[in-house]
Amino acid sequence: MAGGLDVMTMRSPAALRLEQAYRTHPGTVRAVNEDAGVVRLQAGLWAIADGMGGHERGQWASRTIADALEHIALPLAIEGAADAVTEALNAANATIWAATRKSGAPIGSTVAVLLIRDDRYVVLWAGDSRVYRHRARTLSQLTTDHTEVERMIARGLLDRRDAADHPFRNVLARSVGTSEALLLDRIEGSLAGGDVFLLCSDGLSGMVDDREIRRALVSASPDRVAQLLLDRALERGAQDNVTVTIIGCEQATQIGALLLEI
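Position one of the sequence shown corresponds to residue 40 (the working numbering), numbered consecutively onward.
Here is the structure:
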């Protein structure tokens with residue numbers, strides 16, 4: 040699925056317009072895609088969920104989250120919209136947790152959500168699916184991975200330079216559906232013309248480093264960037280599912296000029 044030329048004007052003092060692109064792929068090894076995406080341009084909501092639990096169970100878990108976010112009504116105010124997303128994720132957590140208890144084996148999913156309203160954004164997440172923001176040629180990872188390795192780094196037990204090869208690098212410390220209570224992290228901030236957001240599963244971030252992501256985000260339209268990043272992960276073997284969502288925020292005059300060049 041791609042949404043490269045889907046455009047919406049946000050009601051904001053800067054008259055920002057949003058352009059989106061979405062790609063997902065099972066990768067080169069796995070037969071089942073356990074990733075699920077939500078792309079609701081008109082609602083200002085995007086999300087990625089990366090299921091775990093093996094094949095159909097992981098796929099079901101991520102799809103449960105995506106379905107919950109696809110069908111909620113979102114208030115215009117960003118605080119109300121964030122509350123609605125949190126409520127939907129708590130409901131999904133309860134559904135997946137019940138399945139986990141019944142099966143006796145862990146079933147769960149990461150989730151990363153981006154909400155945009157006027158000149159504000161909110162990011163909510165659990166797990167290691169990521170949200171990045173590119174602004175003024177600087178790439179910032181807005182989320183922090185909820186992994187055992189990140190916990191060890193935060194406690195001073197592991198140097199970040201050794202994290203990439205650590206045996207616990209993919210062990211989640213937090214996710215949706217693996218405990219009765221869901222704990223989400225949240226950050227928020229102001230939008231600026233020229234901002235580009237990237238949501239991705241670890242199938243991308245594990246194959247393409249931040250320096251390459253930054254170069255890609257500054258080089259082309261969201262549709263072209265999404266395809267470029269997916270292609271790069273596949274070229275390198277993509278042993279996990281890969282999902283990429285790009286949201287470009289431009290002033291109306293800027294994006295009009297960009298689209299004329301495509």
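Virtual Cβ for every residue (Gly too), placed ideally from N, Cα, C.
Open item on the list: With distance defined between alpha-carbon atoms, name the residue in 54, 75, 226 nearest to residue 109.
Closed with: 75
Open item on the list: Please report the distance separating the alpha-carbon of residue 294 from that of residue 155.
Closed with: Because the pLDDT at residue 294 is just 41, under 50, the model does not fix this residue reliably, and the value given afterwards should be weighed accordingly. Residue 294 and residue 155: Cα-Cα distance of roughly 17 Å.
Open item on the list: Going by beta-carbon coordinates alone, are residue 164 and residue 223 separated by less than 9 Å?
Closed with: Cβ distance < 9 Å, so residue 164 and residue 223 count as in contact.
TODO: Express the C-alpha separation of residue 56 and residue 378 in angstroms, rounding to a whole number.
DONE: Because the chain spans 40 through 301 in this model, residue 378 falls outside it and cannot be assessed.
- [ ] Check each candidate in 218, 146, 240 and name the one with the smallest Cα separation from residue 183.
- [x] 240
Task: Three-state class that DSSP yields for residue 165 in the structure shown - done: strand
Task: Length at least 3, wholly inside the segment 230-287: the beta strand (DSSP E) runs in chain order - done: Counting only runs that start and end inside the segment 230-287, the beta strand (DSSP E) elements of at least 3 residues fall at 235-239.
- [ ] Can you say whether residue 52 is buried or exposed, counting buried as having 16 or more other CB atoms within 10 angstroms of its CB?
- [x] Its pLDDT being 42, under 50, residue 52 is placed unreliably by the model, and nothing is read from it.
- [ ] Report the rounded CA-to-CA distance for residue 278 versus residue 221, giving the unit in angstroms.
- [x] In this structure, the straight-line span from the alpha carbon of residue 278 to that of residue 221 is close to 28 Å.
Task: Distance CB(residue 62)-CB(residue 257) smaller than 9 Å - done: Residue 257 is positioned such that its CB atom lies no closer than 9 Å to that of residue 62.
TODO: Starting from residue 180, follow its DSSP beta bridges and name the residues at the other end.
DONE: 171
TODO: Report yes if the CB atom of residue 268 is closer than 9 Å to the CB atom of residue 255, and no otherwise.
DONE: At the C-beta level, residue 268 and residue 255 come within 9 Å of one another.
Task: C-beta contact flag for residue 162 and residue 181 at 9 Å - done: yes
- [ ] Could you tell me the distance, in whole angstroms, from the CA atom of residue 97 to the CA atom of residue 138?
- [x] Approximately 11 Å, taken between the alpha carbons.
TODO: Using the Cα positions of residue 127 and residue 107, report the straight-line distance between them to the nearest angstrom.
DONE: Residue 127 and residue 107: Cα-Cα distance of roughly 6 Å.
TODO: Can you have a look at residue 113 and say buried or exposed, based on whether 16 or more other CB atoms are within 10 angstroms of its CB?
DONE: Buried, by the Cβ-count rule.
Open item on the list: Quick check: the Cα distance between residue 231 and residue 143, rounded to an integer number of angstroms?
Closed with: About 47 Å.
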